[in-house]
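Student: Residue numbers (our numbering): 2 to 353.
Please see the structure below; I have some questions.
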Amino acid sequence: MNTESKKQRIFDRKNVFWWSQASLKKRLSHVLGYALDEYSITTQDLESNASFVKHVHHHRLTHLQTGVTLDIVEKSIRKLLGISSLESRFHREGDVLADSTHFRHPQCLGVIETPWESFIFTRFVRGKAPRMGKIATQIGQGIAEIENLSNLHLQPKNWLQRYRFWEMDFFRPWYLLRWRFNFVRYLPSLSELPADDARFHGLKERLLSLQPELNLAKARAFNSQRCFCHMDYLAKNFFSSREGFQMIDWSEVKVGRIGFDGGAYLSAIFRQEDMARFMKIRMYFLRSYLAALDERFDAQSALHNMDYFFLQNALWHFLRPKTIADYQQRGKLDLLHEKYEYLLALPSMAKG
Ligand SMILES: Nc1ncnc2c1ncn2[C@@H]1O[C@H](COP(=O)(O)OP(=O)(O)O)[C@@H](O)[C@H]1O
Ligand SMILES: [Mg+2]
């Protein structure tokens, strides 16, 4: 079978009812393209916590005669009203990132759609979760590369492709209406802070004044250059391996804008580290990202988008009642105060 027809077969878009009844062996044999009569299969559960993910399984296929093994991951994602997940759509776009040199992406063997779920099959990879703050330089290069390769892919060649990319766009209302993108809804949780602590007086009003700045940044971002954005820069989505950093889990993917992933990475670091460490990591990240950014892209606009995404994510996290309660319990209100002040100063930094 030639490559094109193989691709056609395993990335078939049709929701096939009978795939939901088919045995695991049938599904695996379909994506691999050969019969598995001579193989035994053992399955282990892998830990997953995304709400739409039904299960993540590690299958080991062992050839009965030779003992040769093959390790495959199967991720099953529930569908809402028969609409397939962004993760499976992303994989169906093909090997967009196959030429990557900074991050490695375990090969996707195929996607099977049923009316109720998508099954995504990828190669199992091994390695250790890296310390995300320690690899800021590599992350900068890796993100610049994803932006470069995927921006080339996202130049629509026909109306069908244009529609597909439009559906996956970050700026569709069905993504933007999520609570986390509307920090104003969380402002009432500030009343949990000690009333006699003068550092937090007037904080609500000051934070509210960020809203017009954010709206402006959003409008500006909308018209900037597009790329696939991974958006989930947590250690458990990376493996440090002999072949380099393996990146997995595209469950948050969107057609975003250059700079968004940098904002996602930095906001994860901002959550985990104190201010001094954060500033240092940010510097290393920016240095490497800007050096690696393709010259087709406007660096200023990437930086603006990064701040927009960072601010959006960080405001959501630091205004959640859970975060505020956690900082109070750990006696870390000094740090919480520093973080609010940093966020409040961010829009003026971006303008400068
Ligand atoms: N290709 C893979 N190789 C090895 N382990 C994997 C692979 N894909 C997923 N895993 C393991 O399964 C876990 C859950 O998968 P992930 O795609 O991150 O799902 P979720 O969206 O629920 O976070 C990961 O944290 C990782 O430990
Ligand atoms: Mg994950």
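Using N, Cα and C, we set each Cβ at its ideal position, and we do this for glycine too.
Please state if the CB of K129 and the CB of S421 are separated by a distance shorter than 8 Å.
Tutor: The displayed coordinates of the chain run from 2 to 353. Any statement about residue 421 would go beyond what the structure contains.
Student: Which residue comes first and which comes last in the alpha helix (DSSP H) that contains Y40?
Tutor: That residue, Y40, is in no alpha helix (DSSP H); its beta strand (DSSP E) goes Y40 to L47.
Student: How far does the beta strand (DSSP E) with V54 in it reach, from first residue to last?
Tutor: V54 to H64 is the span of the beta strand (DSSP E), which, as asked, contains V54.
Student: Three or more beta-carbon pairs under 8 Å between the segment 100-113 and the segment 144-152, yes or no?
Tutor: Judged by Cβ distances under 8 Å, the segment 100-113 makes contact with the segment 144-152, as three or more pairs qualify.
Student: May I ask you to report which of helix, strand or coil DSSP gives D308?
Tutor: Reduced to three states, the DSSP call for D308 is helix.
Student: Using the beta-carbon count (16 or more within 10 Å), is D308 buried or exposed?
Tutor: Buried is the call here.
Student: Could you check if N50 belongs to the surroundings of ligand 1, using beta carbon to heavy atom distance under 7 Å?
Tutor: N50: yes, Cβ under 7 Å from ligand 1.
Student: Cβ atoms of H31 and D46: under 8 Å apart, would you say?
Tutor: The answer is no: Cβ separation not under 8 Å.
Student: By a C-beta neighbour count over all protein chains shown, 10 Å radius and 16 as the cutoff for buried, is V69 buried or exposed?
Tutor: Answer is exposed; the Cβ neighbour count stays below 16.
Student: Over what stretch of residues does the beta strand (DSSP E) that includes G257 continue unbroken?
Tutor: From DSSP, the beta strand (DSSP E) with G257 extends over K255 to R258.
Student: Anyone know if the C-beta pair for G141 and A236 falls short of 8 Å?
Tutor: No. Outside cutoff.
Student: State the Cα-Cα distance for the pair G353 and L347, rounded to the nearest angstrom.
Tutor: Because G353 sits at a pLDDT of 47, beneath the cut-off of 50, its placement in the model cannot be relied upon, and the following sentence gives the value as read from the coordinates. Each residue's Cα considered, the two are about 10 Å apart.
Student: Going by Cα to Cα distance, which pick from G83, E88 and S41 is closest to L65?
Tutor: L65 has its Cα closest to that of S41, out of G83, E88 and S41.
Student: Using a 10 Å radius around the Cβ and a threshold of 16 neighbouring Cβ atoms, would you call I270 buried or exposed?
Tutor: So I270 counts as buried.
Student: Return the first residue and the last residue of the alpha helix (DSSP H) that I144 is part of.
Tutor: A137 to H154 is the extent of the alpha helix (DSSP H) around I144.
Student: Quick one: is the Cβ of D250 within less than 7 Å of any heavy atom of ligand 2?
Tutor: Yes; taking the cut-off as 7 Å, the Cβ of D250 has a heavy atom of ligand 2 nearer than that.
Student: Classify M280 as buried or exposed, calling it buried when 16 or more other Cβ atoms lie within 10 Å of its own Cβ.
Tutor: Exposed, because fewer than 16 other Cβ atoms sit within 10 Å of the Cβ of M280.
Student: Between L47 and ligand 1, is there a pair consisting of the residue's CB and a ligand heavy atom that are separated by less than 7 Å?
Tutor: Yes.
Student: With distances taken between CB atoms, is the gap from R207 to L345 smaller than 8 Å?
Tutor: Yes, they are a contact pair.
Student: Hey, is the segment 116-136 in contact with the segment 187-203, meaning 3+ C-beta pairs nearer than 8 Å?
Tutor: Counting Cβ pairs under 8 Å, fewer than three are found: no touch.
Student: Put G95 into one of helix, strand or coil per three-state DSSP.
Tutor: Residue state, collapsed to three classes: coil.
Student: According to the Cβ coordinates, are S225 and S302 closer than 8 Å?
Tutor: The answer is yes: Cβ separation under 8 Å.
Student: Are the beta-carbon atoms of R272 and N306 separated by less than 8 Å?
Tutor: No. Outside cutoff.
Student: Roughly how many whole angstroms lie between the Cα atoms of N203 and K340?
Tutor: The sequence as given places Gly at residue 203; Asn does not occur at that position. Going by the C-alpha atoms only, they are around 16 Å apart.
Student: Are three or more beta carbon pairs between the segment 80-92 and the segment 111-120 nearer than 8 Å?
Tutor: Flag = yes, the segment 80-92 and the segment 111-120 touch.
Student: I'd like to check one pair, F298 with A265: are the Cβ atoms closer than 8 Å?
Tutor: No. Outside cutoff.
Student: Starting from T123, trace the beta strand (DSSP E) in both directions and tell me its first and last residue.
Tutor: Looking at the DSSP string, the run of the beta strand (DSSP E) that includes T123 is E118 to R124.
Student: Excluding the five sequence neighbours on either side, which residues of its own chain have a C-beta within less than 7 Å of the C-beta of W180, listed in chain order?
Tutor: Excluding residues within five positions, the ones whose Cβ falls inside 7 Å are R186.
Student: Report yes or no: is there a C-beta of chain D within less than 8 Å of the C-beta of N159?
Tutor: The structure shown contains no chain D; it holds only a single protein chain.
Student: Do you know offhand how far I121's Cα is from S21's?
Tutor: Cα to Cα, the separation comes out at about 13 Å.
Student: List the whole-angstrom C-beta distance separating T123 from V54, where the pair is believed to meet the contact cut-off of C-beta under 8 Å.
Tutor: Incorrect: roughly 14 Å between the Cβ atoms, too far for contact.
Student: Check for me: the beta strand (DSSP E) holding D72 runs from which residue to which?
Tutor: Per DSSP, D72 belongs to the beta strand (DSSP E) from T70 to R79.
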